[in-house]
Structures are given as structure tokens and as C-alpha cells.
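Residue numbers (the numbering used here): 139 to 469.
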């Protein structure tokens with residue numbers, strides 16, 4: 139028993155110590171697809187020095203929309219992609235092999251915000267719903283909202299692609315759109331503009347691959363020595379965000395350019411609860427998403443979902459005791 143304990147301690151120390159010998163201060167470009175609190179864990183890993191600790195010099199690059207992020211990743215412009223939603227399935231339909239190695243948020247965190255004259259979902263008929271880009275989580279959430287109320291994106295409303303979360307807010311403010319799909323904390327900014335919540339999709343209590351870490355199949359095959367330290371830094375970033383409220387609020391303020399204390403508090407409260415301590419991709423959520431997509435895209439049925447998830451790296455972190463040890467320190 140003592141020998142086993144010593145082995146476990148050594149394994150934890152190996153993961154906690156800087157991975158300089160593995161990565162040799164490797165510079166890595168990491169793309170993320172949304173200016174949203176869902177990305178706060180990677181900001182925490184960057185600002186908290188956890189990537190540096192693991193021997194990775196990370197450059198964070200914002201690329202609006204997961205589909206475009208994947209294009210940049212497959213072109214070799216970024217090594218890791220942090221995105222969500224249906225794009226991972228669509229990419230594999232097109233035989234652009236991308237693989238999720240972690241799932242940091244497995245719930246649908248999205249609200250449909252609407253203009254004051256829209257009192258019920260039925261009032262959305264003939265109106266425009268702004269989303270960032272087609273094929274993103276905002277697009278999917280708008281379609282899920284319509285479907286939930288027996289409405290069709292093709293017949294009953296217009297899904298308007300505007301490019302980014304700030305542009306969704308701008309479309310609402312200008313009247314170019316009467317509703318918009320927004321994640322926290324952007325929905326609070328919409329409230330200040332006089333818009334109200336039409337539906338909170340998080341209360342639908344469905345699993346959904348909202349935010350995951352993705353690499354190309356080629357990168358996965360050749361660069362496990364970079365994926366391991368990246369995810370070790372990620373779980374420390376998640377832990378720091380969850381347990382250091384002042385630090386987390388500073389991150390949100392910096393990256394999302396928010397000063398309102400209420401918005402900062404609510405954003406931290408929401409995501410600190412929902413970020414996964416052990417960031418496995420939720421396969422049930424991925425399967426549910428694939429099932430919905432397959433209703434109109436039969437090719438989805440041919441995608442082997444097991445082939446687009448590699449959870450071995452997260453399992454290594456879990457079995458090493460690293461994650462448990464991090465949270466034990468806060469008891």
C-alpha cells in the first residue's frame with residue numbers, strides 16, 4: 139500500500155512540475171471561438187501562468203465561430219481549438235478529421251433575448267433572430283428554441299448571421315434583429331438595452347457539447363507530448379476560476395470589457411458552477427446533438443462519434459490524482 143501511495147505521489151508531482159523537458163518552452167497558438175464566459179478557463183490558465191508552468195508559451199487567438207476556428211486549425215494556423223456545438227460533427231462529415239480531447243462545459247448555456255414587443259415564442263413569427271455564424275452553438279440554440287415551440291427556422295423566422303457576439307448585441311440595438319441568441323454575460327447587456335429573456339435553454343436540462351478542446355487527427359497522432367501539459371494547465375485554470383473569485387472577475391472584466399459588478403458576479407457564479415472539474419466530453423450530449431442534426435442531415439448518421447472523442451488524456455489526469463489533489467487544497 140505504501141509503495142502504491144509513493145507511486146501516486148510521484149505521478150502527481152510529474153504533472154504538477156513544469157513540463158520543460160517535454161515541450162522545451164514550446165510556443166503554441168490556441169484559437170477560441172467566442173467572446174463568452176465559457177472561455178474563461180483558458181484565460182485563467184493563461185493569466186495564472188499555468189501554461190508557462192507546463193513549458194508552453196501560449197498565444198491566444200480569437201477566431202469568431204467554431205467552423206472558422208476549425209478551418210484555421212486544419213490549416214495549421216492554430217494547434218488547439220476551443221469551441222463547441224455541431225461543428226465537430228460537420229467537420230467529420232466532410233472528412234476533415236478533428237478530435238475532441240476534453241469537454242470543459244457540457245450544458246447548453248444560451249438564452250434567447252427578445253425585443254419588448256415579443257411577449258411569447260409565438261410572437262417570433264416573421265421576425266429575425268441574430269446568431270454569430272451558421273453552424274455555431276448560437277445558430278443551433280436558435281433552431282432548438284424554435285423547434286421547442288413548434289416553429290421552423292425555414293418557415294416561421296429568419297436566422298440572421300452577424301459574425302460575433304458584439305454584433306448580435308449591435309443588431310438588437312439597431313433593430314436589425316428582433317431577437318438574439320446570447321450566452322452569459324452578454325444577455326445581461328441585452329437586458330440593459332431593454333430586451334427580455336424569451337427562453338433559457340440551460341433550464342431545458344439537456345447535455346450539450348458547449349465547449350470542448352479540439353485538435354486535428356494529425357496533431358493528436360504526433361503531439362501527445364503537447365496535449366498532456368496543455369490539459370494539465372487547463373484543469374488548473376478551471377480550478378483557479380472556480381476557487382478564486384477576485385481573480386476570475388478580473389479576467390472577465392479584461393477579456394469581455396465589462397465593468398458592471400453585477401454582471402461580473404453573475405458570470406463568475408454561473409460558470410464556476412458549470413465548468414467540469416474533470417473535463418470529459420459528455421458522450422450523451424454529443425449523441426443527442428448528432429440525433430437532432432441527423433433529422434435534416436442524414437450523412438450525420440455515418441459519423442462514428444467514438445472516433446471524434448479521445449478522452450485518454452483526461453483519464454490520465456484523473457487517475458494521477460492531480461485534479462483531486464487540487465480541490466483537496468480548498469477543503
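For glycine and all other residues, C-beta sits at the position ideal for the given N, C-alpha and C.
Name the one or two DSSP bridge partners that residue i has.
i	result
residue 218	168
residue 195	165
residue 335	251
residue 395	DSSP, once it has assigned bridges, lists no residue as partnering residue 395.
residue 245	345
residue 268	298 and 318
residue 180	For residue 180, which the question treats as bridged, DSSP gives no partner whatsoever.
residue 238	352 and 447
residue 200	170
Are there 16 or more other CB atoms within 10 angstroms of the CB of residue i, so buried, or fewer, so exposed?
i	result
residue 197	exposed
residue 445	exposed
residue 458	buried
residue 439	exposed
residue 380	buried
residue 224	buried
residue 254	exposed
residue 161	Model confidence at residue 161 stands at a pLDDT of 39, short of 50, so the residue's coordinates are unreliable and nothing is read from them.
residue 259	buried
residue 184	buried
residue 354	buried
residue 321	buried
residue 437	exposed
residue 371	buried
residue 325	buried
residue 407	exposed
residue 384	exposed
residue 420	buried
residue 314	exposed
residue 287	exposed
residue 312	exposed
residue 350	buried
residue 356	exposed
residue 159	The predicted model places residue 159 with a pLDDT of 46, which falls under 50 and marks its position as unreliable; any figure quoted below should be read in that light. With fewer than 16 Cβ atoms within 10 Å of its Cβ, residue 159 is classed as exposed.
residue 461	buried
residue 336	buried
residue 395	exposed
residue 526	A query on residue 526 cannot be resolved here, the shown segment of the chain reaching from 139 to 469 and no further.
residue 466	exposed
residue 414	buried
residue 425	exposed
My understanding is that residue i touches residue j, with C-beta atoms under 8 Å, so please give their C-beta distance in whole angstroms.
i	j	result
residue 179	residue 423	Between residue 423 and residue 179 the Cβ distance is about 18 Å, and since that is not below 8 Å, they are no contact.
residue 266	residue 340	So it is not a contact: roughly 23 Å between Cβ atoms.
residue 238	residue 447	5 Å
residue 251	residue 317	6 Å
residue 275	residue 200	Actually they do not touch by this definition, with Cβ atoms about 16 Å apart.
residue 295	residue 262	5 Å
residue 405	residue 323	4 Å
residue 171	residue 221	4 Å
residue 417	residue 240	4 Å
residue 291	residue 319	Contact flag wrong, Cβ pair sits at about 12 Å.
residue 352	residue 306	So it is not a contact: roughly 23 Å between Cβ atoms.
residue 299	residue 272	5 Å
residue 195	residue 163	6 Å
residue 249	residue 343	Not confirmed; about 15 Å, so no contact.
residue 401	residue 227	Not really, about 33 Å apart at Cβ, beyond 8 Å.
residue 409	residue 175	5 Å
residue 256	residue 277	In fact, because the Cβ distance is near 19 Å, the residues do not count as touching under 8 Å.
Taking 7 Å as the line, does the beta carbon of residue i fall inside it for any heavy atom of the ligand GTP?
i	result
residue 332	Among the ligands in the structure shown, none appear at all, so the ligand GTP cannot be discussed.
For chain C, is any of its Cβ atoms less than 8 Å away from the one on residue i?
i	result
residue 339	The structure shown contains no chain C; it is built from a single protein chain.
Report yes or no: do three or more beta-carbon pairs, one from the segment 209-220 and one from the segment 356-371, lie closer than 8 Å?
yes
If contact is defined by three or more beta carbon pairs under 8 Å, each pair taking one atom from either stretch, is the segment 386-393 in contact with the segment 203-210?
no
Please specify which runs of the alpha helix (DSSP H), each continuous and at least 4 residues long, are wholly inside the segment 414-440, giving them in chain order.
421-432
Could you name each continuous beta strand (DSSP E) segment of 3 residues or more that falls completely within the segment 289-326, going from the start of the chain to the end?
296-299 and 317-320
What are the complete alpha helix (DSSP H) segments, minimum 4 residues, inside the segment 347-394?
355-360, 362-381 and 383-394
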